[in-house]
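Once you know that position 162 of the sequence shown is 240 in the numbering used here, the rest is easy, because the numbers rise by one and skip nothing.
Every residue gets a Cβ at the ideal spot worked out from N, C-alpha and C, and that includes glycine.
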Amino acid sequence: MVNIIGADRFTEHAEPYESGYFTLKLIKAATQNFNPANRISKFEGLYKGVLPDGMKITVKRIHELDYYCTYEFNNEVKILSTIRHQNLVRLLGHCSEDNQCLLVYECIENGSLGSALSGKAKTSFTELLRKRLNWGTKMRISLGIANGLAFLHQKDESKSVIVHRDIKLYNIFLDRFLDPKIYYFGLAKRLGADDTHYTTHRACGTL
């Protein structure tokens, strides 16, 4: 069991959860001390890394530890550590040491769908994507995103309804097979067992 950071500040996050924990030393070694050459996106704070066993990972580094960033960190760990789906980015674990909050994901080094389509990221992958982005590929990506959302919105014995609240191209990542994976659950909301809908009283996500 791992205690949530600042759980006393967020009553809805007061319960413990199961999740893998990575030490800061291990993450620094995997990313070569957050070497700029390993940066996937300077705006998203993502770094690619390799664990001692050769497993490739992606690390999200959260620099600002204010109320909202800490809330989103806790929220993402709590939600993603309890669910698995082929169209959701898999959270492997997290780290909170030396005033740093870090999230460790499966390898998503190809970046977001938004970066690829905007033309800002010029890599061998984005060039391949633009060549292969025919209607069939677009349909497969769209269906994959819809499949991931349908899973989040489904309620059964193993999970309650989860509302993402920030779906956009930059929160959709593509693996090497061009299968989409929904990313970033900092603003996600898990509904109660008896809730049938959710109403927000303030703007969330990207406007």
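Item, Value
"Just to confirm the assignment, what range does the beta strand (DSSP E) spanning His172 have?", "169 to 175"
"Below 6 Å CB to CB, which residues in the same chain sit around Leu247 once its five sequence neighbours on both sides are set aside?", "Leu191, Gly192"
"Under the DSSP definition of a beta bridge, which residues are partnered with Val182?", "Val137, Gly171"
"Buried or exposed for Asn113, going by 16 or more other Cβ atoms inside 10 Å?", "exposed"
"Identify whether Leu195 lies in helix, strand or coil by the three-state DSSP scheme.", "helix"
"Can you name the start and end residues of the alpha helix (DSSP H) that Ser202 belongs to?", "202 to 210"
"If you draw a straight line from the C-alpha of Ile105 to the C-alpha of Thr215, how long is it?", "34 Å"
"What does a CB cutoff of less than 6 Å around Gly84 pick up in its chain, not counting 5 residues either side in sequence?", "Residue placement at Gly84 is flagged as unreliable, the pLDDT there being 37, under the threshold of 50; the coordinate-derived value follows with that caveat. Only Thr148 meet the Cβ criterion."
"On the premise that Val182 lies in contact with Val137, defined as a C-beta separation below 8 Å, what is that separation, rounded to the nearest angstrom?", "6 Å"
"Since Ile250 is in the beta strand (DSSP E), which residue starts that stretch and which ends it?", "250 to 252"
"Less than 8 Å between the C-beta atoms of Val241 and Ala266, yes or no?", "yes"
"If you run the structure through DSSP and keep just helix, strand and coil, what is Gly214?", "helix"
"Please report the straight-line C-alpha distance between Leu285 and Ile245, rounded to a whole angstrom.", "Caution is warranted here: a pLDDT of 46 is assigned to Leu285, below 50, making its placement in the model unreliable, and no coordinate value can be reported."
"In the DSSP assignment, find the unbroken beta strand (DSSP E) run with Tyr146 in it and report its ends.", "No beta strand (DSSP E) contains Tyr146, which is instead part of the alpha helix (DSSP H) from 145 to 158."
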